[in-house]
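Below: the structure, in structure tokens.
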Amino acid sequence: MNNQLAASVFLGVFLLLALAGCQEPPSVAADAKTALNSQDSPNASKDELNLLAQKVAKKSISARSWSQIKASGYINAVKLDWQLESALPRAGSTSAYHSILLQRFADERGLKINWLRVSNLAAMFSKLATFDVDIIPRHLTITATRLEKFSFSYPLLRDREVVIAKAGNDSFNSKDDITITLPIGSAYIDSVSKQFPHWHINIVEEKVSSQEMADTIVDGAMKYTLIDVFALETLQQYRDDIQSVFILPKAITLAWAVNLDNDSFLHELNDFISVHHVMQVVEPEREIDFDQLKKDKLTLRVITRNSPETYFLWRGELLGFEYELMRKFADINKVKLVIVVADTYDEMLTLLAEGKGDIIAAGLSRTQARTKKIAQAGLAISIRYNRVKEQLVAHQDSLAINELADLNGRTITIRKSSSFWTTAQRLAQDFGANIVIANENIATEILISQVADKEIDLTIADSNLIAIESSFRTEIITPLTFKEDVPYAYLVRKNNPQLLANLNEFVRKYYRGTFYNVVKNKYFHNKKSKESHKKHRLLSGSSLSPYDDIVRSYVKPYNFDWRLIVSQMYQESRFDPLASNASGAFGLMQMLPRTAAELGVEDLKDPEQAIASGVQYLNWTRDRFSKDLPVQEQIFFSLASYNAGYGHVKDAQRLARQLGLRSDRWFNNVEKAMLLLQRRQYYQKARFGYVRGREPVNYVRDIHQRYLSYIRITG
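Take the sequence shown: its position 681, counting from 1, is numbered 682 in my numbering, and each next residue is one higher.
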């Protein structure tokens with residue numbers, strides 16, 4: 002009792018000194034009072050009260066100078082909470098751009114970043130004003146009003162603001178008394194108020210992105226909004242349901258924000274921006290060689306496909322065999338990497354020839370027919386950096402194929418542009434196989450899935466892609482191998498010999514080395530567990546898992562049924578606290594360490610922290626969906642988001658509406674659209690690109706069925 006009293010007196014004196022002598026912001030005092038008046042504090046120990054005092058002491062009462070930031074070892078930064086997951090980067094502004102850029106700044110100076118998440122732009126500026134963060138790393142318009150309160154870095158972008166509407170809306174007139182909907186805290190409000198004071202402004206306080214504003218326009222809930230031209234160009238790369246109807250006359254400058262008069266920190270940021278030339282612009286066509294590219298500090302533009310073998314987005318992480326190799330190449334040569342996504346082989350060749358990219362790294366086999374076409378296009382081929390087999394794909398229940406003669410009368414479905422086309426033609430001519438030309442929009446991984454689903458008889462694929470698909474598709478087999486050691490190579494322009502030489506040197510140094518083998522095993526040889534999904538043999542009244550009590554305690558604030566979380570935990574890890582996968586997810590709930598850290602969880606080996614991170618992330622995904630959804634549907638959508646990523650589910654909802662399906666129902670509606678996002682004609686128009694749709698569809702169904710079983714068992 003005496004110890005508690007002494008500690009309370011100590012803390013009270015500390016708070017009085019802080020409030021009276023240091024002019025501490027009201028938010029700090031409020032935090033301290035809340036802590037002291039909480040139900041737990043009367044019984045708090047001396048150590049707990051001292052810890053609380055230390056936390057209060059750490060609250061900044063003024064902007065931290067660069068020397069203070071450097072001494073602390075970290076930068077406090079803020080992001081919008083719907084930016085917990087990045088979108089697939091395209092040639093435009095993305096939230097990932099700023100996170101990556103600030104991370105590079107921090108890495109070069111030996112610092113870490115503490116991210117604070119808030120719900121909207123107004124809250125971002127509030128956190129900066131109360132010194133909770135050091136910087137807002139985001140495209141922020143520099144306005145006269147903002148300059149009175151904050152300082153801004155050198156410009157990262159110069160742009161225009163544009164009014165957007167639903168495609169086909171040609172009735173806009175800037176002289177009319179229109180109503181325009183704008184996000185709270187945005188500079189668009191100032192722009193409209195000063196330039197078009199007769200317009201009516203409707204402010205949205207929810208968490209919204211330009212993507213979601215566009216969705217609301219298309220759905221008819223609002224007619225007009227304002228975004229940057231750069232953001233519009235990004236949206237229009239994958240959607241055609243919105244259009245520009247008016248460009249505001251005044252140009253805008255966008256930059257990062259820090260506190261007013263924090264000159265030392267601002268100087269450091271500006272030095273970084275100057276040295277690295279980070280002004281974000283759409284790059285023109287160029288054909289300069291590698292030495293000049295590095296000298297001018299330009300980006301290295303790699304052309305590839307959005308596919309499971311090359312480059313894709315999973316739970317907010319950019320992944321892919323080709324992507325990871327090219328990221329290593331860029332890091333070694335100290336250049337920034339930009340990915341240019343193409344949809345077809347011919348498009349990749351065109352982009353490279355026209356100077357819209359520098360390298361093609363897309364798992365291209367170096368065949369005789371392709372080599373001739375590549376030379377005619379004025380392109381050059383690197384030495385091989387990978388070898389694969391060319392194999393036949395069949396269903397395990399189909400008639401046995403033991404030799405080439407068994408192909409007589411069998412049907413092989415293949416794209417004419419495929420590198421396997423020549424092989425297919427030979428099989429037709431010499432062994433009587435029937436060849437069906439697949440639509441050019443159907444990727445090889447979809448043909449494999451069609452074999453697994455018995456929609457087609459046979460197809461041909463390379464061993465790498467088959468390895469990926471077979472980890473999810475146990476029904477497929479490879480009865481014949483047509484070619485061994487088919488080489489993969491990079492493509493560059495012939496007038497870029499320096500780039501070609503550097504690529505060849507990279508291959509010689511790393512091919513089949515430790516780094517290369519780790520990356521290759523990650524995608525092609527690290528089989529996802531094929532352990533049966535059979536449920537535990539549980540008896541009525543028995544515990545569902547070793548962690549039932551922990552789950553019960555953590556779900557209470559979020560109103561989840563604890564049995565649902567246990568079912569999800571089984572799906573993720575089979576209750577193994579040390580479970581991991583090749584993409585870096587870890588623990589009972591298979592969280593990515595980066596995501597867990599942003600949720601305040603540090604040790605995923607600890608069951609309590611692992612479960613806490615999973616529950617928080619599931620709640621975050623649920624919170625992003627409309628509250629108009631029935632509670633059960635919110636759960637289905639949240640589970641799908643947990644597995645595949647929130648953005649992929651939003652893409653599926655959008656596609657469902659376009660197909661006349663219900664976007665507020667998962668089973669037999671949005672799940673059908675999710676499956677279609679495996680197909681090129683659909684995912685090339687999706688913000689988050691390719692997704693292995695079968696995985697989230699099965700994930701939700703399995704968890705739901707197991708959950709129903711758990712309910713019956715537990716009563």
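All C-beta atoms, glycine included, are put in the ideal place defined by N, C-alpha and C.
Please read these numbers as outputs of a predicted model, since none were measured by experiment.
Asked	Found
To the nearest angstrom, report how far apart E348 and E310 are at their CA atoms.	18 Å
With C-beta atoms as the reference, is E573 less than 7 Å away from M590?	yes
Going by DSSP, what residues sit across from D229 in a beta bridge?	E162
Taking C-alpha atoms, which residue in T144, T372 and S211 lies nearest to I384?	T372
Tell me the rounded alpha-carbon separation between A252 and R680.	40 Å
Just curious, the beta strand (DSSP E) that S152 is in, first and last residue?	F151 to F153
So the candidates are S614, A580 and D398; which of them puts its Cα closest to the Cα of T596?	S614
Closest to N465 by CA distance: which of K521, Y189, G358 and D220 is it?	K521
In angstroms with no decimal places, state the Cα-to-Cα distance between R658 and S664.	6 Å
Can you confirm whether the stretch 404-418 touches the stretch 490-506 when touching is taken to mean that 3 or more C-beta pairs between the two stretches lie within less than 8 Å?	no
Based on the DSSP secondary-structure assignment, which residues constitute the bridge partners of M592?	F587
Taking the alpha helix (DSSP H) that A653 falls in, what are its first and last residues?	Y647 to Q659
Tell me which same chain residues have a C-beta within less than 6 Å of the C-beta of Q633, skipping the five on either side of it?	none
State the beta-bridge partners of Q635 as determined by DSSP.	DSSP lists no partner for Q635.
In whole angstroms, what is the alpha-carbon distance linking L428 and S420?	14 Å
Which word fits G321, buried or exposed, when buried means at least 16 other C-beta atoms lie within 10 angstroms of its C-beta?	buried
I'd like the list of long-range same chain contacts for Y700, defined as Cβ closer than 6 Å, with 5 residues on each side in sequence excluded.	N644
Do you know whose CA, among R159, A123 and L158, lies nearest R147's CA?	A123
Counting along the chain, where does the beta strand (DSSP E) carrying H705 start and finish?	Counting along the chain, H705 falls outside any beta strand (DSSP E), though it belongs to the alpha helix (DSSP H) covering R695 to T715.
Taking the alpha-carbon positions, what's the F291 to K495 distance?	12 Å
Classify V282: buried if its beta carbon has 16 or more other beta carbons within 10 angstroms, exposed otherwise.	With a pLDDT of only 45 at V282, under 50, the local geometry of the prediction cannot be trusted, and the value read off the model is given with reservation. Classification for V282: exposed.
Drop a sphere of 10 angstroms on the beta-carbon of D359, count the other beta-carbons inside from all chains shown, and report buried for 16 or more, exposed for fewer.	buried
Should Q682 be labelled buried (16 or more other beta-carbon atoms within 10 Å of its own) or exposed?	exposed
Just checking my contact of T412 with D458 at CB under 8 Å: how many whole Å lie between their CB atoms?	4 Å
Can you give me the start and stop residues for the beta strand (DSSP E) that A258 sits inside?	I253 to N260
Please say whether I704 and L640 have beta carbons closer to each other than 7 Å?	yes
Residue range of the alpha helix (DSSP H) that P608 falls in?	P608 to R625
Below 7 Å between beta carbons: does that hold for F153 and I143?	yes
What's the C-alpha gap between E446 and V134?	45 Å
From the DSSP output, read off the bridge partner residues of I382.	L492
I'd like the list of long-range same chain contacts for V602, defined as Cβ closer than 7 Å, with 5 residues on each side in sequence excluded.	Q610, A613 and S614
With DSSP as the reference, please indicate the residues paired to N435 in a beta bridge.	T412
Where does D486 fall in DSSP's three states?	strand
Taking the CB atoms as reference points, tell me whether N670 and L678 lie closer together than 7 Å.	no
Take L81 as the anchor and find which of P184, I636, E149 and N174 has the nearest alpha-carbon.	P184
What are the start and end residues of each continuous alpha helix (DSSP H) run of 4 or more residues lying completely inside the stretch 433-483, in chain order?	445-453 and 464-471
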